[in-house]
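Numbering (our numbering), first residue to last: -18 to 278.
Ideal Cβ positions, reconstructed from N, Cα and C, are used throughout, including at glycine.
Below is one structure; the comments refer to it alone.
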Ligand SMILES: Cc1ncc(C[n+]2csc(CCOP(=O)(O)OP(=O)(O)O)c2C)c(N)n1
Ligand code: SF4
Ligand SMILES: [Mg+2]
C-alpha cells in the first residue's frame, strides 16, 4: 500500500521562514562551505537564537579567527570582525570591554581555539568576560585541507600524519571547566534543534559561555567524526544531572567515547565588566555602563 506523504509547498515554506524573523539576521552572502558541512547548523542556529532572544542585529558582533568555521561573520547581518588566526578571544574581549551593551559572539574551529589560540582561552574564562564562544570541533584543519588538529583522534590518518596520528587529543570541555567558565555545554551539528536551544541559552547567560559543537568535515574526514559515527556515539545527559554540580560536570566531560549533549555546567559570578565598574567607582567615577539586553533563557 502506498504511504501517504505530507505535501510541502515551496511558497508555504518560504512564507514560514520569512515570518520567523530569522532572515533579518542573514546577510546576502551565501555560505561558501562544502555541501553537507556541519557548519550550516550554525547559519541556522545563531540567527534563530538571536531572534528568539530579541537581540537586534545592530546590537550584536560576531567575531572569528581564521578557518572554514571562521568564515561565519560574512554570512550574518550583524557587525562582524574576521581577525587573525587564533586571536578571536582577545578581539572579542576588547569589543566587550569597550561596549558592554553589545552581545558578542566568538566563533571558531578546534585549530583556531585550541592550537594557535589556546593560550587565550583560560584568561577569557577565568575573567568571566560576558561573551559566548561557539567552538566548532571537526577534529581537523578544514581550511588548509585536512591536517591533524589538537582534537584529532589517535590513529587518525591525514596528510600530516600519513602513518596515523600518535598524539593524545585535548579535551576542551575539561579544560574550560578547569579554567573557570561559568556556562559550559556540548552540542552536535547533526541535531540542529538542540544546538539552537543551547546557543540561545549560552547567549542569554551573563558571563563566559562555552559551547563545544561536534561538527563533521565531510570533505576531509571520511572515517572519524562523520555524521553516522557521531550519531551512534552522542547521548543525552542523565535526567538527574545537576548543572550546578562542578564535579558531576567534570565527570561528564571526561566521557569522550559517548559525548554528553546539553548543559554540563552553569554558575553565576561577577563578570569582567562588573570588576571594571568597581574600579571606575574606586577611581572616583560613578556611572555604570549599559548592559546587553536579552530575554531570560
Ligand atoms: C598565523 C597563521 N598560521 C597558520 C595559518 C594557516 N591556517 C589557516 S586556518 C588553519 C587551521 C584551521 O583549522 P580550524 O581552526 O580547526 O578551522 P576549520 O577550518 O576546521 O573550521 C591554519 C593552520 C594562518 N592562517 N595563520
Ligand atoms: S573543508 Fe570541511 S570544514 Fe571546511 S567547509 Fe568543507 S566540509 Fe566544512
Ligand atoms: Mg577544525
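Taking the alpha-carbon positions, what's the residue i to residue j distance?
| i | j | result |
| --- | --- | --- |
| residue 109 | residue 147 | 34 Å |
| residue 279 | residue -8 | Because the chain in this structure spans residues -18 to 278, residue 279 falls outside the shown range and cannot be described. |
| residue 166 | residue 118 | 13 Å |
| residue 249 | residue 230 | 15 Å |
| residue 5 | residue 53 | 16 Å |
| residue 176 | residue 144 | 35 Å |
| residue 100 | residue 75 | 16 Å |
| residue 151 | residue -5 | 42 Å |
| residue 44 | residue 266 | 30 Å |
Report buried or exposed for residue i, applying the criterion of at least 16 other Cβ atoms within 10 angstroms of its Cβ.
| i | result |
| --- | --- |
| residue 112 | buried |
| residue 203 | exposed |
| residue -17 | Low confidence applies here, because residue -17 scores a pLDDT of 48, under 50, leaving its location unreliable and the question unanswered by this model. |
| residue 77 | buried |
| residue 133 | buried |
| residue 220 | exposed |
| residue 178 | buried |
| residue -14 | exposed |
Quick one: does the C-beta of residue i sit closer than 7 Å to a heavy atom of ligand 2?
| i | result |
| --- | --- |
| residue 262 | no |
| residue 27 | no |
| residue 201 | yes |
By the DSSP assignment, the alpha helix (DSSP H) with residue i in it spans what residues?
| i | result |
| --- | --- |
| residue 227 | 227 to 234 |
| residue -5 | -9 to 0 |
| residue 241 | Segment 241 to 247 is the beta strand (DSSP E) holding residue 241; no alpha helix (DSSP H) there. |
Report whether the distance from the Cβ of residue i to the nearest heavy atom of ligand 1 is below 7 Å.
| i | result |
| --- | --- |
| residue 53 | no |
| residue 115 | no |
| residue 198 | yes |
| residue 64 | no |
| residue 50 | yes |
Is residue i near ligand 3 - that is, is its Cβ less than 7 Å away from at least one heavy atom of it?
| i | result |
| --- | --- |
| residue 121 | yes |
| residue 133 | no |
What span of residues does the beta strand (DSSP E) with residue i cover, start to end?
| i | result |
| --- | --- |
| residue 111 | Neither: residue 111 is in no beta strand (DSSP E) and is coded neither H nor E. |
| residue 86 | 84 to 90 |
Note to self: What ranges does the beta strand (DSSP E) occupy inside the region 2 to 81, keeping only unbroken runs of at least 3 residues that lie completely in it?
What the structure shows: Within the region 2 to 81, complete beta strand (DSSP E) segments of at least 3 residues are found at 41 to 45 and 60 to 63, given in chain order.
Next item on the list: Counting only runs of 3+ residues fully inside the region 147 to 205, write out the beta strand (DSSP E) ranges in chain order.
Entry: Counting whole runs of 3 or more residues, the region 147 to 205 contains the beta strand (DSSP E) stretches 164 to 169 and 190 to 195.
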